[in-house]
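So the sequence shown is residues 18 to 182, counted in this note's numbering.
The beta-carbon is built from N, C-alpha and C at its ideal position, and this holds for glycine as well.
What you are looking at is a predicted structure, and each value in this text was computed from that prediction instead of being measured.
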Amino acid sequence: MIAFVPLSTVDGAAVEALLDRAFGTDRHARTAYKVRGAALPIPALSIAATHGDRLIGTIQCWPVRLMDDDGRSHPLVMIGPVAVDPDRQRDGIGRDLMTRMLAAAQAEGLDDRLMLIGDPEYYGRFFGFDAARTGAWRLPGPVERHRLLARGDAIPAVAGMLGPA
Ligand SMILES: CC(C)(COP(=O)(O)OP(=O)(O)OC[C@H]1O[C@@H](n2cnc3c(N)ncnc32)[C@H](O)[C@@H]1OP(=O)(O)O)[C@@H](O)C(=O)NCCC(=O)NCCS
Numbered sequence: 018m019i020a021f022v023p024l025s026t027v028d029g030a031a032v033e034a035l036l037d038r039a040f041g042t043d044r045h046a047r048t049a050y051k052v053r054g055a056a057l058p059i060p061a062l063s064i065a066a067t068h069g070d071r072l073i074g075t076i077q078c079w080p081v082r083l084m085d086d087d088g089r090s091h092p093l094v095m096i097g098p099v100a101v102d103p104d105r106q107r108d109g110i111g112r113d114l115m116t117r118m119l120a121a122a123q124a125e126g127l128d129d130r131l132m133l134i135g136d137p138e139y140y141g142r143f144f145g146f147d148a149a150r151t152g153a154w155r156l157p158g159p160v161e162r163h164r165l166l167a168r169g170d171a172i173p174a175v176a177g178m179l180g181p182a
């Protein structure tokens, strides 16, 4: 049976190994890692899926902010990586992790300010994320605009720089 537990309760080395398997070992150069900086993941929104003593999926969320060109800071939550073990993909685990994270974000009052870099075919189709308000955001590295997605009433549709909170 699959169990969902706080990410902080699982071995950090196992998390890193799973992320390497899902994204490749060159993943640290990705723009998303620069956006979140040295922050720690938000505990309530960071979840692991386990099967027996095996780690099969993770979701992590980070405190970030958009500093707009008028000097206002907009606190946001960056979701990701979402990773499912390649052996267990397409079995609903990714959707389950996202659904649990979204419920936790609602409980924390953070579900009005969510963003991520990911496939709109997945995050749009199942969870209502889109790129409608992110077009004027600048990031500390390259990003495919159609993959810069957001959801929630507090998402600012303004020009600004995205970075660590
Ligand atoms: C993307 C990922 C998290 C999805 O989790 P999962 O448990 O494999 O997928 P789920 O079972 O929740 O969802 C399956 C459905 O999503 C679709 N899907 C899965 N990954 C997709 C993607 N990248 N783009 C579009 N659709 C996708 C499947 O086709 C399937 O659709 P169907 O039900 O119509 O057949 C997982 O495949 C993964 O870790 N991939 C590698 C890392 C990655 O790309 N992460 C996302 C970027 S942050």
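To the nearest angstrom, how far is it from the Cα of residue i to the Cα of residue j?
i	j	result
LEU35	GLY111	13 Å
MET95	LEU179	10 Å
THR75	VAL32	7 Å
ASP129	ALA61	16 Å
VAL99	SER63	10 Å
ALA176	ALA149	13 Å
GLU161	ALA122	26 Å
THR26	ALA65	8 Å
LEU114	GLY158	27 Å
LEU165	ILE19	31 Å
TRP154	ASP85	9 Å
ASP28	GLY145	32 Å
ARG107	PHE40	16 Å
THR116	ASP170	19 Å
Residue i: which of the options sits nearest, CA to CA?
i	options	result
PRO23	ASP104, ILE172, GLY54, THR67	THR67
ALA167	SER63, TYR50, ARG82	ARG82
GLY109	ILE73, ALA56, VAL27	ILE73
LYS51	PHE21, THR151, LEU133, ASP147	LEU133
HIS163	PHE21, GLY69, ASP147	ASP147
GLY152	GLY158, GLN106, PRO173	PRO173
ASP104	ALA120, GLY97, ARG38	ARG38
THR48	ALA124, GLY126, GLY97	GLY97
PRO80	ALA124, VAL101, ALA55, GLU138	ALA55
Which residues does DSSP pair with residue i in a beta bridge?
i	result
MET178	MET84, ARG155
SER90	MET84
ASP147	ALA167
HIS68	ILE19, ARG71
ALA100	THR75
LEU133	ILE96, LEU166
Exposed or buried, residue i, counting other C-beta atoms within 10 Å across all chains shown (16 or more means buried)?
i	result
LEU131	buried
ASP43	exposed
LEU57	exposed
MET118	buried
ARG142	exposed
GLY135	buried
ALA46	exposed
ARG53	buried
Cβ of residue i less than 7 Å from any chain B Cβ?
i	result
ARG142	The structure shown contains no chain B; it holds only a single protein chain.
Contact set, ligand 1 heavy atom to C-beta under 6 Å
ALA39, PHE40, GLY97, PRO98, VAL99, ALA100, VAL101, GLN106, ARG107, ASP108, GLY109, ILE110, GLY111, ARG112, GLY135, ASP136, GLU138, TYR139
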